[in-house]
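Chemist: One structure, pasted below without further comment.
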Amino acid sequence: MSGDVPGRLSYHLSIDGTQRAVTGARLEESLLTVLRERLDVTSVKDACEQGRCGACSVLLDGRLVTACTILAADAADARVVTVAGLGPGGPAAAVRAAFVAHGAVQCGFCTPGLVVAVTDLLARRPGADEEEIRETLAGNICRCTGYGRILEAVRAVQAGRGGLAGRSGPARRGGRTGLGGAAGQDGEAGRGDQAGRGDSPGWA
Amino acid sequence: MTGRARGVGGSAPRPDGPAKADGTFAYAGDLSIPGMLHARTLRSPHPRARIRRLDTAAARRIPGVAAVVTAVDVPGVATYGLIVADQPVFAATETRYAGEPVAVVAAVDAPTARRALAAVEVEYEPLPPVVDPEVAAGLGAPPLHPDGNVFREITLRHGDPDAAGPVVVEDSYLVGMQDQAFLAPEAALVVPAADGGVDLRLATQWLHSDREQIAACLGLPEELVRLELAGVGGAFGGREDVTLQVHGALLARATGTPVRIAYDRVESFLGHPHRHPARMWFRHTATAAGDLVSVHARIIMDGGAYASSSPAVIANAVTHAAGPYRVPNARLDGLVVRTNNPPCGAMRGFGVPQVTIGHEAQMDRLADRLGIGPVELRVRNALRPGDVLPTGQVLGPPLPAREAIEAVAARPLPAALTAASPVTARPGGRGAHADVARVRRGVGYALAYKNLLFSEGFDDSSTARARLELDAGGRPAATIHSACAEVGQGFVTVAGQIARTELGVDEVVLLPADTGVGSAGSTSASRQTWMSGGAVRGACVAVIDRLLARVARRLGLPPEVVEAPRRALVIAGGEIVGAETGTRLTLAEALAEGPVEAEHTFHHRRTTALDVAGQGDPHVAFAAAAHRAVVDVDLDLGLVHVVSMALAQDCGTVLNPLSLRGQVEGGTAQGLGLAVMEELVTVDGVVTNPTLHDYLLPTAADVPMLDFVALTYPQPDAPYGVKGVGETPTCTATAAVLAAVRAAVGRDLRRVPVRPVDLVDLAVPPLGGAPPGGSPTGE
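Shown next, in the form of structure tokens:
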């Protein structure tokens, strides 16, 4: 990491397996900002900038994080994997196909982040039951679907009936994704935790 | 997937689904052009203030700032608005809500633009904000705008307004301010054009309405303002109004450079109109047997600083205030008022969710008083086709209101919560602080109906074009052009299904929605499948008519057959068959001499405005829905867990079962949110929670799997017999959850969202203020 202009930084990020040069960045720029504004990685969505909605979910050294709550400069030595880096085939393809086939996509703005989160969940906990799936995905807000079709898509991947016949192969079960999903960790570092909320705002 | 499933009635997948799932689908905020400028908005921190001085010189001097634009730079009309043009493009001499735009800046990057905002010097003289709608409507209130403080007042009288039954229930209810909270904040890419015009790629619900307002403010003819829909990350009513469109266009024209203008989440919460907060008073009277005799209601809605769609929202609230019940006598009054609160306008349900909360709480109270069940009372009074509504409108078929409430009541109930239940099934979830012995279960019902399409005489027609030709491989292929805004609801799916069904082809390309074709109207009011679906279908039918006429000419059939070729020619199995001659021609052969094109404009039946007594024929059609909610409430902590939701909904003919399911599940979740978590809180006119940290949205841990029953009675005057499905479940979900929480805790809950303090603190304070217009029993 170096700074040519005072207060500006230059460094490299590993994005989906490719080294990308970042030059002249401000220290305060989040990984989300650098991805979207400097590297044109627009599959990572910007919706709240507070780690609350999960639209910018990526894997950072195999751990699920919200890119908006990570300083990009802190990610200089880490491997960042976005939805594109999950690969054209394998478990992520089954998740994507299941989302489309089972109606889990409406406006779709939450979908790339959810695909990352679901792929990560199923890599770590392939047999997760509905309660665990719901709790784990509570960091990814979807305003369109009411989550019913998302849950259905996840269960379909688990049952090996992710996509439609002939469109994608059955999901691999029980195996690791090869993305370095850290077994035994909760995978929620840096994520706002919205699970189990039933209270209301602003009523102090 | 087979051809059948890709046509009407099948669960065809979204054509944009794969691109959305792999992240390559471009939303408005993802668009960029090399060299474009980045725009940011300066907003008033004061809900009401005079602007004493506004100086942009220091901001302009910052290196990298290309332009700073304020009210003095608006060349055309200084105001815009959906129904009434009362909202200034920029606050000029006075600000009327906290968050109102005062200036916009374009700079080489967003940080520079933000620094420039801080350098704009604005001297405000704060004035006391008027934030209570009843005060704003009162005699002593200062006029907050040259147009006055009342957006619209409706006094509906039906039957004998003084008639009353022996059994009377009466109470007041409050609804908080809900936000659409679509996930993708507002954004547009605006490019100045060589012809002096401007091109916008943006997220919106209604391209042509935006164009009309932008052109007026820019002082340009409409044909020089061209809009193309970019990817839209949800809308729910919140993109029906102009927000950043004019600002971006002014900056692009001022700089001669493409401009990306975008909001962050806080600005999104401040920038678009919200669902109206409501104060409502109801009095229902009935016979001892349980037949409704009269309904009196007074509804006051807070429209905030500018009109938006308030005049239409209050009409919906008043005309639906008695619910889907036979009510021979009614006095229904509504008032929507200007205050210094954030502007309110369209949100899914459009005035009906608020009154449903009131009329359904009243029905439960009436059932209690009569000693009969809540389902039985609703069944007894449910509207049937042929009944006269409080407006005098005769209800057309179908309206399976009774069938809906009976269907949800028949669904199996979920198992009881026990100590063996997973911790995540308890109120509070993973926090694991609920003592199962202190959890109470409640079951609640709600029945509602919601108008479909625009009302009160508005002809919200939709135009579409269809083209049939041979593709490069010599196969018949269709192209559809509609300006219908796809905001996530699935019009792109249904349009393709309709074209495949009508044209008998598999290959359908949907052109980008833009202003190069006639208006499709707004993606709101549950109208696009009916209206733009009808336009696409009509265009496809016309294409086939023209193709058949061409074939008839080629076959040398007599002129009267060429005029009406379907008398002699039919399409079967991808072939054109002469019914009598036995001639067979493939579509490809018929298309060999060139493409066939047609345009169709679809209209719904005409309606009428309300007269001075609120009488008329205002609504095109209705759909009914019923929800049953089951909740568990932690009595110690006041936390609510929604255990199950069952929905029976009047859907008309189903064009896509999978899309339908997505709509009703999403609509239910938004209603659940309003019931127990969602409220945009204002203090003295200032929003205190404009972030997703503080404005709570339902998560996967909050929304149960929906138990859904579709009631599929075809709508006679709609294409294929469809009904709009997006809004109705949002109307009933909130009221049903509220009823269930009431049943669980045995307490009178009269405001939403229900807060923990409403459930654990027995000393609930009385509702603020009297019902609108003084004594509720006056007159």
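If you read the sequences in order, they're chains E and L.
Plus 319 on top of the position in the first sequence (first one is 1) and you've got our numbering.
Plus 101 on top of the position in the second sequence (first one is 1) and you've got our numbering.
Cβ atoms here follow ideal geometry from the backbone N, Cα and C, with glycine treated the same way.
Small disclaimer: the values here were computed from a predicted structure and weren't measured.
For chain L, check one thing: does any of its Cβ atoms lie closer than 8 Å to the Cβ of E/Gly488?
Modeler: Along the first sequence, one-based indexing puts residue 488 of chain E at 169. In this prediction, E/Gly488 scores a pLDDT of 34, lower than 50, which makes its location untrustworthy; no coordinate-derived value is stated.
Chemist: For a cutoff of 8 Å on Cβ pairs, would you count L/Ser760 as touching chain E?
Modeler: Here the question's residue 760 of chain L lines up with position 659 in the second sequence. Yes, contact with chain E.
Chemist: Could you please give the first and the last residue of the uninterrupted alpha helix (DSSP H) stretch that includes L/Arg576?
Modeler: On the second sequence, residue 576 of chain L is found 475 positions in, with the first residue counted as 1. Premise fails: L/Arg576 is in no alpha helix (DSSP H) and is neither H nor E.
Chemist: In chain order, which continuous runs of the beta strand (DSSP E) of length 3 or greater are located wholly inside the stretch 549-573 of chain L?
Modeler: 563-571
Chemist: Is the stretch 416-426 of chain E touching the stretch 746-765 of chain L in the sense that three or more CB pairs, one from each, lie closer than 8 Å?
Modeler: yes
Chemist: Our contact map puts L/Asp187 next to L/Val593 with C-beta atoms below 8 Å; I'd like the distance itself, whole angstroms only.
Modeler: Position 86 of the second sequence, counted from the first residue, corresponds to residue 187 of chain L. Position 492 of the second sequence, counted from the first residue, corresponds to residue 593 of chain L. The pair is not a contact, with the Cβ atoms about 34 Å apart (cut-off 8 Å).
Chemist: Report the residue from L/Val697, L/Pro613, L/Glu661 and L/Ser522 whose alpha carbon sits nearest the alpha carbon of L/Leu604.
Modeler: For this step, residue 604 of chain L is matched to residue 503 along the second sequence. Selected option, being the one with the closest Cα: L/Val697.
Chemist: Smallest Cα separation from L/Val618: which of L/Glu700, L/Gly558, L/Arg651 and L/Asp561?
Modeler: Within the second sequence, the letter at position 517 stands for residue 618 of chain L. Comparing Cα-Cα distances from L/Val618 to each of L/Glu700, L/Gly558, L/Arg651 and L/Asp561, the minimum goes to L/Glu700.
Chemist: From the DSSP output, in three-state form, read off L/Ile163 for me.
Modeler: Numbered from its first residue, the second sequence carries residue 163 of chain L at position 62. Reduced to three states, the DSSP call for L/Ile163 is coil.
Chemist: Alpha helix (DSSP H) containing L/Ala447: first to last residue?
Modeler: For the purposes of this step, residue 447 of chain L is identified with residue 346 of the second sequence, where counting begins at 1. Premise fails: L/Ala447 is in no alpha helix (DSSP H) and is neither H nor E.
Chemist: What whole-angstrom Cβ distance do L/Leu553 and L/Lys824 have, given they're in contact under 8 Å?
Modeler: Against the second sequence, residue 553 of chain L aligns to sequence position 452. Against the second sequence, residue 824 of chain L aligns to sequence position 723. Yes, they are in contact, since the Cβ atoms of L/Leu553 and L/Lys824 sit about 6 Å apart, within 8 Å.
Chemist: With DSSP as the reference, please indicate the residues paired to L/Met137 in a beta bridge.
Modeler: Mapped onto the second sequence, residue 137 of chain L falls at position 36. Paired residues: none, contrary to the question.
Chemist: Taking the continuous alpha helix (DSSP H) assigned at L/Ser760, which residues delimit it?
Modeler: Position 659 of the second sequence, counted from the start, is the residue given in the question as residue 760 of chain L. L/Ser760: member of the alpha helix (DSSP H) spanning Pro758 to Val777, first to last residue.
Chemist: Please confirm if E/Ala457 has its CB atom under 8 Å from at least one CB of chain L.
Modeler: Position 138 of the first sequence, counting from 1, holds the residue named residue 457 of chain E. Taking Cβ atoms only, chain L reaches closer than 8 Å to E/Ala457, which makes this a yes.
Chemist: Tell me whether the beta-carbon of L/Pro164 lies closer than 8 Å to the beta-carbon of L/Ala179.
Modeler: The count along the second sequence starts at 1 and reaches residue 164 of chain L at position 63. The count along the second sequence starts at 1 and reaches residue 179 of chain L at position 78. It is not a contact, given that the beta carbons lie outside the stated cut-off.
Chemist: Identify whether E/Val476 lies in helix, strand or coil by the three-state DSSP scheme.
Modeler: To locate residue 476 of chain E, count along the first sequence from 1; it is residue 157. Here E/Val476 sits in helix by DSSP.
Chemist: Under the three-state reduction of DSSP, which class applies to L/Ala845: helix, strand or coil?
Modeler: Locating residue 845 of chain L in the second sequence gives position 744, where the first residue counts as 1. DSSP places L/Ala845 in helix when its eight states are reduced to three.
Chemist: Strictly under 8 Å for the Cβ-Cβ distance: is E/Cys528 near chain L by that measure?
Modeler: No information on residue 528 of chain E is available, as it lies outside the stretch 320 to 523 that chain E covers here.
Chemist: Please list the terminal residues of the continuous beta strand (DSSP E) segment that includes L/Asn430.
Modeler: Stepping through the second sequence from its first residue, residue 430 of chain L is reached at position 329. Counting along the chain, the beta strand (DSSP E) containing L/Asn430 begins and ends at Asn430 to Arg439.
Chemist: Residues in its own chain within less than 6 Å of L/Thr702 by CB, not counting five upstream and five downstream?
Modeler: One-based indexing of the second sequence puts residue 702 of chain L at position 601. Residues Ser562 and Thr564 of the same chain have their beta carbon placed closer than 6 Å to that of L/Thr702, with the five preceding and five following residues left out of the count.
Chemist: Just tell me which of L/Tyr274, L/Val595, L/Asp795 and L/Thr580 has its CA closest to the CA of L/Leu644.
Modeler: For the purposes of this step, residue 644 of chain L is taken as the residue at position 543 of the second sequence. In the sequence as displayed, the identity of residue 644 of chain L is Val instead of Leu. Checking every option, the nearest Cα to that of L/Val644 belongs to L/Thr580.
Chemist: Straight-line CA distance for L/His236 to L/Val804?
Modeler: Counting from one through the second sequence, the residue named residue 236 of chain L turns up at place 135. Counting from one through the second sequence, the residue named residue 804 of chain L turns up at place 703. Per the sequence shown, the amino acid found at residue 236 of chain L is Val instead of His. The straight-line gap from Cα to Cα measures roughly 38 Å.
Chemist: Nearest chain L C-beta to E/Pro325 closer than 8 Å, yes or no?
Modeler: Along the first sequence, one-based indexing puts residue 325 of chain E at 6. By this cut-off, E/Pro325 is not an interface position.
Chemist: Could you give the distance in angstroms between the alpha-carbon of E/Ala374 and the alpha-carbon of E/Thr385?
Modeler: On the first sequence, position 55 is the one that residue 374 of chain E refers to. On the first sequence, position 66 is the one that residue 385 of chain E refers to. C-alpha separation (whole angstroms): 8 Å.
Chemist: Confirm, please, whether the CB-CB distance from L/Ala389 to L/Pro475 is below 8 Å.
Modeler: Along the second sequence, one-based indexing puts residue 475 of chain L at 374. Along the second sequence, one-based indexing puts residue 389 of chain L at 288. Cβ distance not < 8 Å, so L/Pro475 and L/Ala389 don't count as in contact.
Chemist: Identify which residue in L/Val732, L/Gly774, L/Leu740 and L/Ala726 has its Cα closest to the Cα of L/Cys752.
Modeler: The residue given as residue 752 of chain L occupies position 651 in the second sequence. The option with the nearest alpha carbon to L/Cys752 is L/Ala726.
Chemist: Can E/Val402 and E/Val353 be called in contact, C-beta distance under 8 Å?
Modeler: Along the first sequence, one-based indexing puts residue 402 of chain E at 83. Along the first sequence, one-based indexing puts residue 353 of chain E at 34. No, the pair does not count as a contact, with Cβ atoms beyond the cut-off.
Chemist: Which residues mark the beginning and the end of the alpha helix (DSSP H) in which L/Val232 is found?
Modeler: Within the second sequence, numbered from 1, the residue matching residue 232 of chain L stands at position 131. Element bounds for L/Val232: n/a, residue is neither H nor E.
Chemist: Count the other CB atoms within 10 Å of the CB of L/Pro293; is the residue buried (16 or more) or exposed (fewer)?
Modeler: Numbered from its first residue, the second sequence carries residue 293 of chain L at position 192. With 16 or more Cβ atoms within 10 Å of its Cβ, L/Pro293 is classed as buried.
Chemist: Does any C-beta atom of chain E lie closer than 8 Å to the C-beta of L/Leu308?
Modeler: As a working mapping, residue 308 of chain L is identified with position 207 in the second sequence. It does not; no Cβ of chain E falls within 8 Å.
Chemist: Across which residues does DSSP place L/Met381 in a beta bridge pair?
Modeler: Position 280 of the second sequence holds residue 381 of chain L. DSSP, once it has assigned bridges, lists L/Tyr274 and L/Ile400 as partnering L/Met381.
Chemist: Does any residue of chain L bring its CB to less than 8 Å from the CB of E/Cys367?
Modeler: As a first step, residue 367 of chain E is located in the first sequence; it is residue number 48 there, counting from the start. Yes, E/Cys367 counts as interfacial toward chain L.
Chemist: Indicate whether at least one CB of chain E lies closer than 8 Å to the CB of L/Gly118.
Modeler: Walking along the second sequence from the start, residue 118 of chain L turns up at place 17. Chain E, which has a Cβ nearer than 8 Å to the Cβ of L/Gly118, makes this yes.
Chemist: Listing by chain order, which chain L residues have their CB less than 8 Å from the CB of E/Ala436?
Modeler: Numbered from its first residue, the first sequence carries residue 436 of chain E at position 117. Neighbours of E/Ala436 on chain L: none; closest Cβ ~10 Å, over 8 Å.
Chemist: Whole angstroms is fine: what's the gap from L/Ile362's alpha carbon to L/Gly675's?
Modeler: Taking the first residue of the second sequence as 1, we reach residue 362 of chain L at position 261. Taking the first residue of the second sequence as 1, we reach residue 675 of chain L at position 574. Cα-Cα distance, rounded: 48 Å.
Chemist: Scan the stretch 235-291 of chain L and note each continuous beta strand (DSSP E) run of 3 residues or more that stays entirely inside, going in chain order.
Modeler: Entirely contained in the stretch 235-291 of chain L, the beta strand (DSSP E) runs reaching 3 residues are, in chain order, 251-259 and 268-276.
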